[in-house]
Amino acid sequence: TPTYGILLGLVVIIIMSVADFSQLVEILNFNYAISLLMEYAAFARLRYTQRDLPRPFKVPIPDWAAVLLVLPPSIGIIILFAISSWITNMFVFCIVSLGIVLYKLREIAQERRWCEFNRLEYTTLEMNRDS
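Our numbering applies: residue 73 is where the sequence shown begins, and numbers increase by one.
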């Protein structure tokens, strides 16, 4: 049983229970928008850095057009950030900062061998093009 995960989830639920419903929806949308920005950035970066990486499908546009494709929604998300409430901005800033700190702590733990880290090997799936 993931005891620490359950306890952390309980703490998050207790903290968020003091907010009203509209704030919770705004915070949830804000976090989803951050994840979309990271996906867009990864899409554009991988188009330039690892163009031969095997993947199940390819977007049939040139690399420069991939950046133009994600530019309008990225600008919209940044505008959404600008018009959201200060409570939402502060909450998300704290959560993102906590994530960065935890990531750095994980790097230190890996470097000092406090925990065992296993590298996963991925295999590519052969696509059935007959169907």
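No residue lacks a Cβ here, since even glycine has one placed at the ideal position from N, Cα and C.
Just so you know, these numbers come straight off a predicted model, no measurement behind them.
Coarse secondary structure for I159, derived from DSSP in three states: helix
Anticipated Cβ contact below 8 Å, L177 with A105, distance rounded: About 26 Å separates the two Cβ atoms, so there is no contact after all.
CA nearest to the CA of P134, picked from P128, I155, W186 and R123: R123
CB contact flag (L109, I149, <7 Å): yes
Buried or exposed (CB count within 10 angstroms, at least 16 for buried), R119: buried
Residue-level contact to chain D via CB, S156, 7 Å cutoff: Here chain D cannot be found, since the structure has a single protein chain.
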